[in-house]
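Numbered per the numbering used here, the sequence shown finishes at 389, counting up by one with no gaps.
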Amino acid sequence: MTDLQSPPEPEQTPSLQAEGEELPTDRYSGDLDSGDLDSADLDSADPNSTDLPTEAPPEEETEEEFVTEYPEEPDDRRAEEPKDVEDPTDGQAPTTGAEDSPAEGFVRTTPALPRVIALANQKGGVGKTTTTVNLGAALADLGYRVLLIDLDPQGNATTGLGINHHDLDVTIYNVLLQDVNLDECVEPTEVKGLFIAPASLDLAGSEIELVTAFSRESKLKRALDEVIDDYDYVLIDCPPSLGLLTVNALVAATEVMVPIQCEYYALEGLGQLTRNVDLIRRNLNASLEILNIVLVMYDGRTKLGEQVSDEVRGHYGSRVCRVVIPRNVRLSEAPGFGQPITTFDPSSRGAVAYKELAREVSGVS
Numbered sequence: 025m026t027d028l029q030s031p032p033e034p035e036q037t038p039s040l041q042a043e044g045e046e047l048p049t050d051r052y053s054g055d056l057d058s059g060d061l062d063s064a065d066l067d068s069a070d071p072n073s074t075d076l077p078t079e080a081p082p083e084e085e086t087e088e089e090f091v092t093e094y095p096e097e098p099d100d101r102r103a104e105e106p107k108d109v110e111d112p113t114d115g116q117a118p119t120t121g122a123e124d125s126p127a128e129g130f131v132r133t134t135p136a137l138p139r140v141i142a143l144a145n146q147k148g149g150v151g152k153t154t155t156t157v158n159l160g161a162a163l164a165d166l167g168y169r170v171l172l173i174d175l176d177p178q179g180n181a182t183t184g185l186g187i188n189h190h191d192l193d194v195t196i197y198n199v200l201l202q203d204v205n206l207d208e209c210v211e212p213t214e215v216k217g218l219f220i221a222p223a224s225l226d227l228a229g230s231e232i233e234l235v236t237a238f239s240r241e242s243k244l245k246r247a248l249d250e251v252i253d254d255y256d257y258v259l260i261d262c263p264p265s266l267g268l269l270t271v272n273a274l275v276a277a278t279e280v281m282v283p284i285q286c287e288y289y290a291l292e293g294l295g296q297l298t299r300n301v302d303l304i305r306r307n308l309n310a311s312l313e314i315l316n317i318v319l320v321m322y323d324g325r326t327k328l329g330e331q332v333s334d335e336v337r338g339h340y341g342s343r344v345c346r347v348v349i350p351r352n353v354r355l356s357e358a359p360g361f362g363q364p365i366t367t368f369d370p371s372s373r374g375a376v377a378y379k380e381l382a383r384e385v386s387g388v389s
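In structure tokens form, the structure reads like this:
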């Protein structure tokens with residue numbers, strides 16, 4: 025029976041070199057010369073030990089240090105939530121410095137009244153109607169007379185202000201296709217100073233009907249010229265397309281506002297819209313310009329929101345509004361009650377953000 029207390033047999037010691045092969049001395053000579061390895065330690069080492077002298081093990085990493093060595097999370101993963109997840113943005117965009125470096129030498133100015141603003145974006149579901157209704161209400165709260173024109177066949181701006189299009193005899197369709205005066209279709213809202221030219225389902229076929237109409241691109245402009253002096257701001261809610269309804273809005277407008285959702289593909293369609301604006305400016309409306317780009321549905325708890333904001337500001341500089349609109353449940357609930365957020369829940373983050381946006385757009389300090 026083998027004695028467990030006896031030292032291991034010499035032949036069991038692992039060989040560090042093949043037979044007839046010399047170990048390179050320069051591998052260890054530097055350590056001895058520099059004092060990194062004490063020769064006394066070598067003299068006192070157990071010749072039968074299989075342990076090789078090694079450097080001291082690195083200090084054990086803390087959990088926090090270990091976590092930081094992981095690669096960054098993909099863009100669609102949530103970052104660590106801040107302690108106060110109820111109010112991550114307060115309507116303020118992350119600081120990027122791009123606002124101090126306007127793209128293409130653009131300098132933001134506040135145009136003279138009256139102002140006709142077309143809210144356009146080729147993509148659907150990016151907050152055009154929400155921004156039209158709530159920005160209009162916020163401007164009215166500042167004392168301006170505001171007219172909303174609902175050019176979207178879905179009519180969400182109309183129902184979002186508590187108006188049932190089934191009860192209407194005259195809508196914006198009649199103005200465009202039957203030469204009815206615009207003031208005949210204008211309806212008051214529950215917000216003082218806010219009016220709307222409502223849409224109806226008839227608008228769905230108006231694109232085809234306008235094809236053969238005389239001066240088809242300028243129908244809305246001619247109608248608006250008759251009443252423009254009655255309002256300080258006219259906000260036009262465009263459909264999510266670049267058809268004749270949107271062309272009419274761009275011809276009638278003095279400027280364009282583009283809502284951009286802080287999600288993937290945020291810039292999708294914006295290039296085509298920019299080219300169409302240039303085309304309209306060269307041929308039909310020389311004063312048209314994209315003056316404001318608004319970041320909406322911003323979620324400060326995600327890295328993605330900040331990355332999209334940085335990218336958009338990097339491309340468009342001071343055209344991008346300082347105020348961002350946060351993702352907010354109350355904003356989604358308000359249209360179901362036929363009210364803008366400023367009356368539905370005036371203290372909500374969404375209401376505060378749109379009030380700040382109205383002040384920025386109007387130049388009110």
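Ideal Cβ placement from N, Cα and C applies to all residues, glycine included.
Query raised in the report: Which residue from Ser386, Pro359, Asp369 and Val376 puts its Cα closest to that of Gly151?
Result: Closest option to Gly151, Cα to Cα, is Pro359.
Query raised in the report: What whole-angstrom Cβ distance do Ala162 and Val280 have, given they're in contact under 8 Å?
Result: The pair is not a contact, with the Cβ atoms about 19 Å apart (cut-off 8 Å).
Query raised in the report: For Ala221 versus Lys245, is the C-beta spacing smaller than 7 Å?
Result: No, the pair does not count as a contact, with Cβ atoms beyond the cut-off.
Requested in this report: List the DSSP bridge partners of Val336.
Outcome: Val336 is not bridged by DSSP to any residue.
Query raised in the report: With C-beta atoms as the reference, is Ile196 less than 7 Å away from Ala228?
Result: With respect to the 7 Å criterion, Ile196 and Ala228 are not classified as neighbours on the basis of their beta carbons.
Report task. Assuming Thr283 contacts Thr182 (C-beta within less than 8 Å), just tell me the rounded distance between them. Result -> Looking at the sequence itself, residue 283 is Pro, so the reference to Thr does not match. Going by Cβ atoms, the distance from Pro283 to Thr182 rounds to 18 Å, so no, they are not a contact pair.
Query raised in the report: Which residue's Cα is closest to the Cα of Asn205: Gln363, Asp193 and Leu248?
Result: Nearest C-alpha to Asn205: Leu248.
Query raised in the report: Between Ala375, Ser386, Asn307 and Ala290, which lies nearest to Ser333 when the distance is taken from Cα to Cα?
Result: Distance from the Cα of Ser333 is smallest, within the candidate group Ala375, Ser386, Asn307 and Ala290, for Ala290.
Query raised in the report: Can you round the beta-carbon distance between Gly293 and Asn145 to whole angstroms, since I take them to be within the 8 Å contact cut?
Result: In this structure Gly293 touches Asn145 by the C-beta definition: roughly 7 Å separates them, less than 8 Å.
Requested in this report: Report the three-state DSSP secondary structure of Glu313 (helix, strand or coil).
Outcome: DSSP places Glu313 outside both helix and strand once states are collapsed to three, so it counts as coil.
Report task. Return the CA-CA distance between Ala375 and Phe368, expressed in angstroms with no decimal places. Result -> So the alpha carbons of these two residues sit roughly 9 Å apart.
Report task. Would you kindly check if the distance between the Cβ of Gly186 and the Cβ of Gly362 is under 7 Å? Result -> Yes, the Cβ-Cβ distance between Gly362 and Gly186 is below 7 Å.
Query raised in the report: What is the rounded straight-line gap between the Cα of Glu214 and the Cα of Ser356?
Result: A direct Cα-to-Cα measurement between Glu214 and Ser356 gives close to 19 Å.
Report task. Grab the span of the alpha helix (DSSP H) containing Ile187 for me, first residue to last. Result -> Run containing Ile187: none; DSSP gives neither H nor E here.
Requested in this report: Name, in chain order, the residues that DSSP records as bridge partners for Glu211.
Outcome: Checking the DSSP bridge columns, you'll see Glu211 partnered with Ile220.
**Report entry** Backbone secondary structure at Pro359 - three-state DSSP
**Finding:** The answer is helix: DSSP assigns Pro359 an H, G or I state.
Query raised in the report: Out of Asn316, Asp176 and Gly267, which has the shortest C-alpha to C-alpha gap to Gly387?
Result: Closest by alpha carbon: Asn316.
Query raised in the report: Would you report the Cα separation of Val347 and Thr236, rounded to the nearest angstrom?
Result: Within the model, the alpha-carbon separation for Val347 versus Thr236 is close to 42 Å.
Query raised in the report: According to the Cβ coordinates, are Asp261 and Thr153 closer than 7 Å?
Result: It is a contact, given that the beta carbons lie within the stated cut-off.
Query - Cβ neighbour criterion (16 or more within 10 Å) applied to Val170 - result: Buried, by the Cβ-count rule.
Report task. Return the chain-ordered list of same chain residues with a C-beta closer than 8 Å to the C-beta of Thr366, the five sequence neighbours on each side being excluded. Result -> Taking Thr366 as the centre and dropping the five residues before and after it, the same chain places the C-beta of Asn158, Ala161, Ala162, Asp165, Val215, Ala375, Tyr378 and Lys379 closer than 8 Å to its C-beta, in chain order.
Query - Cutoff 6 Å; reference Glu93; Cβ partners in own chain excluding five residues on either side - result: In this prediction, Glu93 has a pLDDT of 42, which is less than 50 and means its spatial position is unreliable; nothing more can be read from the coordinates.
Requested in this report: Taking Arg305 as part of the alpha helix (DSSP H), name the residues at either end of that continuous run.
Outcome: Per DSSP, the unbroken alpha helix (DSSP H) holding Arg305 starts and ends at Leu294 to Asn307.
Report task. Could you tell me the distance, in whole angstroms, from the CA atom of Met321 to the CA atom of Glu335? Result -> If you take the alpha carbons of Met321 and Glu335, they lie about 16 Å apart.
Query raised in the report: Got a sec? Which residues, its chain only, sit under 7 Å from Asp62 by beta carbon, not counting five neighbours each side?
Result: Its pLDDT being 47, under 50, Asp62 is placed unreliably by the model, and the measurement read from it follows with that caveat. By the criterion of a C-beta distance shorter than 7 Å, Asp62 is surrounded by no residue of its chain, once the five residues flanking it on both sides are discounted.
**Report entry** Through-space distance from Val258 to Asn272, alpha-carbon basis
**Finding:** In a straight line, the C-alpha of Asn272 is about 14 Å away from that of Val258.
**Report entry** Assigned secondary structure, Val376 (DSSP; H/G/I helix, E/B strand, else coil)
**Finding:** Residue state, collapsed to three classes: helix.
Query raised in the report: Per DSSP, which one or two residues make a beta bridge with Tyr257?
Result: According to DSSP, which records beta bridges pairwise, Tyr257 is partnered with Arg139 and Val170.
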